[in-house]
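Notes follow the structure.
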Amino acid sequence: MTFTQSHEEPGRFVLVERWASRAHWEAHDAGDATQKIYIPEIMPRIEREVHPSSLIRSRPE
Numbered sequence: 000m001t002f003t004q005s006h007e008e009p010g011r012f013v014l015v016e017r018w019a020s021r022a023h024w025e026a027h028d029a030g031d032a033t034q035k036i037y038i039p040e041i042m043p044r045i046e047r048e049v050h051p052s053s054l055i056r057s058r059p060e
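Just so we're aligned: 57 in numbering that gives the first Met the number 0 is position 58 of the sequence shown, and the numbers increase by one with no gaps anywhere.
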């Protein structure tokens, strides 16, 4: 997971998660923590844009 903050807009954050497959991501979204905490408590407070993507390249830190 990568979590970044915009330099230009300090209130804007970007969270990038990597999942082994779409099925893994969907299973995570169907889990208790997502259904009982994230959706009712967090989702109403944020703007969320989902962009399914493919990793092109990763470099070591």
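Every residue gets a Cβ at the ideal spot worked out from N, C-alpha and C, and that includes glycine.
Original post:
Who are the Cβ neighbours of Phe12 in its own chain at under 6 Å, not counting the five residues just before and after it?
Top reply: Gln4
Original post:
By Cβ distance below 8 Å, which residues in the same chain neighbour Ile36 in space, the five residues on each side in sequence not counted?
Top reply: none
Original post:
Over what stretch of residues does the alpha helix (DSSP H) that includes Ala19 continue unbroken?
Top reply: Neither: Ala19 is in no alpha helix (DSSP H) and is coded neither H nor E.
Original post:
Is His50 near the ligand FAD, in the sense that its beta carbon is under 6 Å from a heavy atom of that ligand?
Top reply: As presented, the structure is devoid of all ligands, the ligand FAD included, so that no description of it is given.
Subject >> Euclidean distance between Cα positions of His50 and Asp31 >> reply: Asp31 has its alpha-carbon roughly 23 Å from the corresponding atom of His50.
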